[in-house]
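The structure appears below as structure tokens.
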Amino acid sequence: MSEIIMYGTTWCADCRVAKRFFEDNKVQYKWINIDEETEFVEYVLKINDGLRIVPTIVFPDGSHMSEPTYLELEDKIKGN
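Sequential numbering of the sequence shown, starting at 0, is according to numbering that gives the first Met the number 0.
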């Protein structure tokens, strides 16, 4: 995987925060709405120990974050 992928929904406030972070910092990412692309729900459940947590953000190094705050994303992206 060579890109950041965010799994989320349109009604999720935390998804809007993550999108705003990526846009504010000009970070490219792929958005997958799991309400519309339901085939990805199983993957989200798998990496979150059976919980449907959005946003779930998967990074190129294989790590992931679930419901990160703006500051947590900043630390991850900027390597703090």
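In this text, a Cβ means the ideal position worked out from N, Cα and C, and glycines have one as well.
For K29, the enclosing beta strand (DSSP E) starts and ends at 28-32. In this structure, DSSP gives V53 a state outside helix and strand, which the three-state scheme calls coil.
In this structure, the straight-line span from the alpha carbon of I33 to that of M5 is close to 10 Å. The continuous beta strand (DSSP E) containing G7 extends over residues 3-7. Burial check for G7: the Cβ neighbour count within 10 Å reaches 16 or more, so the residue is buried.
When beta bridges are read from the DSSP output, S65 appears opposite T55.
Residue nearest to L72 within the set F21, I52, I31, Y42 is F21 (criterion: CA-CA distance).
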